[in-house]
Amino acid sequence: MLLKYRTDYEKVAMGLLSLAPALKKIDRLQAELQWYQDSDSRQLLLWKDLNQDFSGVVGVELRPKFVIVRLIALMPAVRNHNQTNTILTELQDMYPKQRIMGTLETTSIVAKWEASHE
């Protein structure tokens, strides 16, 4: 289940964001979190697995006709293709009129999801 970031999720969000390779340093991590908070067109979504544990994070940028997946990070225990597909399907369900797209870093993940989703 995807949940929109709230400030009471800050520590959880920072822990999940730290799983992204580019966000290992605390100052970079805090800047990324602030970047999502600074605009209504950007959202940080936390993902709860079937056990209702926070297990992943997705950063998206919202556009009129598409949703750009800027980052996706999962806990090592649930990091697999099926969980990524579940997250992207839930994201599509949240934004049914917009196409899910990726950045240079996430395009291959989105493309695999699209291929299995069709």
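Okay, so the sequence shown: first residue is 39 according to the numbering used here, each after it adds one. We treat Cβ as the ideally placed atom computed from N, Cα and C, and that holds for glycine. These figures come from a predicted structure and were not determined experimentally.
Whole-angstrom distance between residue j and residue i, CA atom to CA atom
i: Ser-93; j: Leu-55; result: 11 Å
i: Asn-123; j: Val-50; result: 22 Å
Identified DSSP bridge partners for residue i
i: Ile-138; result: Val-105
i: Glu-99; result: Arg-80, Ile-106
Start and end residues, alpha helix (DSSP H) containing residue i
i: Gln-81; result: It is not in any alpha helix (DSSP H) - Gln-81 instead sits in the beta strand (DSSP E) that spans 80-86.
i: Leu-126; result: 119-132
Neighbour-count burial assignment, residue i, 16 or more Cβ in a 10 Å radius
i: Ile-64; result: exposed
i: Gln-90; result: exposed
i: Leu-129; result: buried
The ligand ADP heavy atom lying under 7 Å from the CB of residue i
i: Lys-42; result: With respect to the ligand ADP, the structure shown offers nothing to examine, as it has no ligands at all.
Extent of the continuous beta strand (DSSP E) to which residue i belongs
i: Glu-152; result: Element bounds for Glu-152: not the beta strand (DSSP E) but the alpha helix (DSSP H), 145-155.
i: Val-50; result: Unbroken run through Val-50 is the alpha helix (DSSP H), 48-55; no beta strand (DSSP E).
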